[in-house]
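Visitor:
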Amino acid sequence: MTSTVVDHQGQGVCKPDPTGLRLSFSRVDTYRSCPLKFRFAYVDELPSQPGPHLSWGSSIHAALEAWWDQKLPQPPPESSLLQALYDHWDDEGFAGMARDEKITWYRHAQDVLRRHHARYAPVYVPAVATEQWFELDLGNDVTVVGSIDHVQRTPSGGLGIVDWKTNRKAKTRQQVSGSLQLAIYTLAAAQLWGTEPDWVALDFVVPGLRVQVDRADIDTAQALADIREVATDIRAERFEPTPTALCPWCDWRAACPVFEGEGPDVTAVAVVELQRLRRRSQRDQARIAQLEQLVRDRLGQDATVEIAG
Ligand code: SF4
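So in the numbering used here, spot 46 of the sequence shown is number 39, and the numbers just go up one at a time.
Here is the structure:
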């Protein structure tokens, strides 16, 4: 068989190496959500087109990383965070999108970052590390690689670990405690800094909510068992499909033998877009009428306004 390898950027490379298996949280997570999807993405390496949500999330991540990575004694100003967004904006997922729509996404990202700054500037402590790369050797030629978004010093001199999320909805404490990703980061911190973190957290930057749990709430033994089980299944080339309600959004649905739908509900999406455009058009018409009236009030009721496009 071949083994799946990732490079530093987390990109998949399939090499004819019969032994070493390098995984990451997202790869394990993909395998657990659907083994066939994992095969399409990381073994067959079928191409996928990044959508706007992916590019929007990476742009926010890159801006946060640049801002926190300055590690200044005082919080850098909000303007430097917004500048980082401008500098690191990932346009790829917005290809073909109308300019107005793109601007809406960009402004939303600015609002999210302004909120992040307002939340953390008053309680700012310089980061110990941002995007800290790690490689965890789990034995049996299995390595888990990844990078931790943000590490900070706690008041007691310990470490706090944060992963930024751009989901619209925050997870519950129970879900965060069961996070495989945070369990991996807990193990990585012990390897990198010789001490486990005091706490770990998922920071949901869109709703502006950090869900933090103590180290004691994280089950690293279970996480290791889960990863080893996935590694065994990958080596055995168990790539059965696991269809769910999310299949219409799967990037590889066209290649999937069990997918029967047509993809995302294009009609419903079009109806929502149409409603939005109609509302905007009504607002524009109302404003045009106001402006025409204003001109008539000033120039006389017979005045007509003609504006060349
Ligand atoms: S369409 Fe569904 S079942 Fe098929 S590969 Fe994608 S997630 Fe798996």
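The beta carbon of each residue, even a glycine, is placed where N, CA and C say it ideally should be.
Could you check if P43 belongs to the surroundings of the ligand SF4, using beta carbon to heavy atom distance under 6 Å?
Guide: Result no, Cβ not under 6 Å from the ligand SF4.
Visitor: With H, G and I counted as helix, E and B as strand and the rest as coil, what does DSSP make of W98?
Guide: In this structure, W98 counts as helix in the three-state DSSP scheme.
Visitor: Taking the alpha-carbon positions, what's the K8 to R15 distance?
Guide: Because the pLDDT of K8 is 41, which lies under 50, any placement of that residue in the model is unreliable, and the number read from its coordinates should be weighed accordingly. About 11 Å.
Visitor: Please identify the residue among Y178, D219 and G86 whose C-alpha is closest to the C-alpha of Q42.
Guide: For the residues Y178, D219 and G86, the minimum Cα distance to Q42 belongs to G86.
Visitor: If L65 and P28 are in contact, beta carbons under 8 Å, what's the gap, nearest whole angstrom?
Guide: Not quite, the Cβ-Cβ distance comes to about 45 Å (not below 8 Å), so this is no contact.
Visitor: Would you call the segment 139 to 153 and the segment 180 to 187 touching, i.e. three or more CB-CB distances under 8 Å?
Guide: Because the criterion of three Cβ pairs below 8 Å is met, the segment 139 to 153 and the segment 180 to 187 touch.
Visitor: Tell me which same chain residues have a C-beta within less than 7 Å of the C-beta of A296, skipping the five on either side of it?
Guide: So the list reads V288 and R289, once near-sequence residues are dropped.
Visitor: Name the DSSP beta bridge partners of V135, please?
Guide: L14.
Visitor: Check W157 in the structure and name its three-state DSSP category.
Guide: Three-state DSSP puts W157 in a strand.
Visitor: Following a CB-centred definition, is F252 positioned closer than 6 Å to any heavy atom of the ligand MN?
Guide: For the ligand MN, the structure offers nothing, since it holds only the ligand SF4.
Visitor: Taking 7 Å as the cut-off, decide whether the C-beta atoms of I154 and V193 are in contact.
Guide: Taking 7 Å as the Cβ cut-off, I154 and V193 qualify as a contacting pair.
Visitor: If we ignore side chains and look at the alpha-carbon of each, how far apart do A163 and H109 end up?
Guide: Near 15 Å, if we compare the C-alpha coordinates of H109 and A163.
Visitor: Which residues mark the beginning and the end of the beta strand (DSSP E) in which W126 is found?
Guide: A120 to D130 is the span of the beta strand (DSSP E), which, as asked, contains W126.
Visitor: Per DSSP, which one or two residues make a beta bridge with I53?
Guide: For I53, which the question treats as bridged, DSSP gives no partner whatsoever.
Visitor: Determine, using beta carbons only, whether V204 and S170 come nearer to each other than 7 Å.
Guide: Contact flag unset, no.
Visitor: Would A176 pass as a contact of T225 if the rule is Cβ separation under 7 Å?
Guide: No.
Visitor: Identify whether W192 lies in helix, strand or coil by the three-state DSSP scheme.
Guide: It is a strand residue.
Visitor: How many angstroms separate the CA atom of R231 from the CA atom of S52?
Guide: Cα to Cα, the separation comes out at about 35 Å.
Visitor: Helix, strand or coil: which one does DSSP assign to R289?
Guide: The answer is helix: DSSP assigns R289 an H, G or I state.
Visitor: Per the contact definition of three or more C-beta pairs closer than 8 Å, is the segment 74 to 88 in contact with the segment 20 to 36?
Guide: No contact exists between the segment 20 to 36 and the segment 74 to 88.
Visitor: Does DSSP put S48 in a helix, in a strand, or in coil?
Guide: Helix, per DSSP.
Visitor: For the putative contact between W157 and V198, defined by C-beta atoms under 8 Å, what is the C-beta separation to the nearest angstrom?
Guide: The Cβ separation is near 6 Å, so the contact holds.
Visitor: Confirm, please, whether the CB-CB distance from R208 to P190 is below 7 Å.
Guide: Against a cut-off of 7 Å, the Cβ pair of R208 and P190 comes out as a contact.
Visitor: Can you tell me the Cα-Cα spacing of V21 and P236, whole angstroms?
Guide: Using only the alpha carbons, I get a separation of about 17 Å.
Visitor: Tell me which same chain residues have a C-beta within less than 6 Å of the C-beta of A77, skipping the five on either side of it?
Guide: Same-chain partners within the cutoff: A56, A59 and W60.
Visitor: Name the DSSP bridge partner or partners of D22?
Guide: BP columns for D22 are empty, so no partner.
Visitor: At what residues does the beta strand (DSSP E) containing D83 begin and finish?
Guide: No beta strand (DSSP E) contains D83, which DSSP labels as neither H nor E.
Visitor: By alpha-carbon positions, which one of R273, R246, P45 and F127 ends up nearest to L39?
Guide: When each option's Cα is compared against that of L39, the closest is R246.
Visitor: Helix, strand or coil: how does DSSP classify F232 here?
Guide: Looking at F232 - three-state DSSP - the assignment turns out to be coil, as it is neither helix nor strand.
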